Each structure stands twice: as C-alpha cells, then as structure tokens.
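Colleague:
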Amino acid sequence: MDPSQYQKKIEHERLKRALDSQKSRQKQMKHFEEEKCRKIQELRDHKNEQFRLRKERIMNNKIMQMRRLRNLSQIISKKQKNASIHRNSSDFIVNKKKRDALRTQRFQRNLQIEKQKQMDLKMRVLEKEKLGEYRVAKTKHNQAKAKKALEELLRMKNIDQTHSSSLVGMLERSRHMRHRSMQHVESSS
Numbered sequence: 074m075d076p077s078q079y080q081k082k083i084e085h086e087r088l089k090r091a092l093d094s095q096k097s098r099q100k101q102m103k104h105f106e107e108e109k110c111r112k113i114q115e116l117r118d119h120k121n122e123q124f125r126l127r128k129e130r131i132m133n134n135k136i137m138q139m140r141r142l143r144n145l146s147q148i149i150s151k152k153q154k155n156a157s158i159h160r161n162s163s164d165f166i167v168n169k170k171k172r173d174a175l176r177t178q179r180f181q182r183n184l185q186i187e188k189q190k191q192m193d194l195k196m197r198v199l200e201k202e203k204l205g206e207y208r209v210a211k212t213k214h215n216q217a218k219a220k221k222a223l224e225e226l227l228r229m230k231n232i233d234q235t236h237s238s239s240l241v242g243m244l245e246r247s248r249h250m251r252h253r254s255m256q257h258v259e260s261s262s
C-alpha cells in the first residue's frame, strides 16, 4: 500500500470517527431535549391538575354554602311562620303581659339600686368630709398637746439644769471642806 492510499484510509477513518461522535452527540442532545420537554410537560400537567382541583374545591364550597343558605332561609321562614302562629295564640299574649310586667319590675329594681348607690356615695362623701374635719381638729388638738408637752419638757430641763448646777456647787463645797480639814489635820500633827 502506497503512502497516499494509506493517508486516504487514515483520513477516511478519522472522518468516520468524527461523524460517529457528532451523530452520538446529536443523539444525546436530542435525548436531553426530549427529557427537558417531558419534565416541563409534567410540571405543566401537575400545575393544571392543582388548578383544576382548587377550582373544583371552590365550586364545591360555593355549592355547599348555597345549600346551607337555602336550608337556613327555609329554617328561618319556618320559624317565622311558627312565630306568627304562636304570636296570635292566647298563651303568647298572656306570656307577653307577664314578660312586660317582669321587665317593668326589673327596671324599677335597677332604678332603686342605682338610687341606693348614689345615696351611699353621698354618705361616703359626707363621712369623708367629717373625717377630714375631725382629723384637722385632732391635728390641732395634738399640736396643742405637743406644744404643751414641749413646754413642760423645757421647764423640766431648766429645773434639772439649775438643780444640777446647785449639786455641782454642793459637791465643790464639800470637796473644798474636806481638803481644808485634811490640811488642818496635817498641820496639827
């Protein structure tokens, strides 16, 4: 095999390998794109399913609410009908009179309690005022008493001072006398 044919063969193999690798890369890219598209579609389907379920739940809640309201309106109309029948009965009229009488009694009792509370409040205020006056008088009396006691104490203190000074004088005199007698004894001996 001459070198040119050998060169051609090598070139041919190299091109074939490049072509194969390119094809495999394209295949991988295609597979990757398909996988990506599949995942996106799955997410979209999941979101749509969630949205559908939420919408269904809202609709069911609305239907249930409407049913409840309808039942409630039926119950109310039934009660109103029964009430109108009851209102026209003689028992209801008697009971109404009793209720009115009880209401007036309750009102009067509450009024009496309120009046009593106001009277108690007034009495407490008066008691406080009297207590204040008594305290003022007591304070004045106590002040006078304290003043008197203080004067008495000062007077006693003055007496004590004069008494103590006279005692000191007596002690001084007696010591002096003793001292003189001692001198007298010494001089005589």
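Residue 74 is where the sequence shown starts when you use our numbering, and the numbers rise one by one after that.
Ideal Cβ positions, reconstructed from N, Cα and C, are used throughout, including at glycine.
Model, not experiment: these values are computed from the prediction.
Hey, how far is the Cα of R87 from the Cα of R98?
Modeller: Taking the sequence shown and counting its residues from 1, the one referred to as residue 87 is at position 14. Taking the sequence shown and counting its residues from 1, the one referred to as residue 98 is at position 25. The alpha-carbon atoms of R87 and R98 are separated by roughly 16 Å.
Colleague: Are the C-beta of S94 and some C-beta of chain B separated by less than 9 Å?
Modeller: Among the chains in the structure shown there is no chain B, since it carries only a single protein chain.
Colleague: If we ignore side chains and look at the alpha-carbon of each, how far apart do Q114 and K152 end up?
Modeller: Counting from one through the sequence shown, the residue named residue 114 turns up at place 41. Counting from one through the sequence shown, the residue named residue 152 turns up at place 79. Spanning the two alpha carbons is a distance of roughly 56 Å.
Colleague: DSSP on D75, reduced to helix/strand/coil?
Modeller: Reading the sequence shown from its first residue, position 2 is the one you call residue 75. Looking at D75 - three-state DSSP - the assignment turns out to be coil, as it is neither helix nor strand.
Colleague: Have a look at K154 and N144 and give me their C-alpha separation to the nearest angstrom.
Modeller: Locating residue 154 in the sequence shown gives position 81, where the first residue counts as 1. Locating residue 144 in the sequence shown gives position 71, where the first residue counts as 1. Roughly 15 Å between the two C-alpha positions.
Colleague: Would you report the Cα separation of D193 and K220, rounded to the nearest angstrom?
Modeller: Your numbering for residue 193 matches position 120 in the sequence shown. Your numbering for residue 220 matches position 147 in the sequence shown. The C-alpha of D193 lies about 39 Å from the C-alpha of K220.
Colleague: For Q80, which residues of its own chain have a beta-carbon under 8 Å away from its beta-carbon, when the five flanking residues on both sides are left out?
Modeller: In the sequence shown, residue 80 corresponds to position 7, counting from 1. Spatial neighbours of Q80 in its own chain (CB-CB distance under 8 Å, excluding positions within 5 residues in sequence) are not present.
Colleague: Could you compute how far the alpha carbon of L142 sits from the alpha carbon of N134?
Modeller: Within the sequence shown, residue 142 is the residue found at index 69, counting from 1. Within the sequence shown, residue 134 is the residue found at index 61, counting from 1. Roughly 12 Å separates the two Cα atoms.
Colleague: L199 to F180, Cα distance in whole Å?
Modeller: Taking the sequence shown and counting its residues from 1, the one referred to as residue 199 is at position 126. Taking the sequence shown and counting its residues from 1, the one referred to as residue 180 is at position 107. So the alpha carbons of these two residues sit roughly 29 Å apart.
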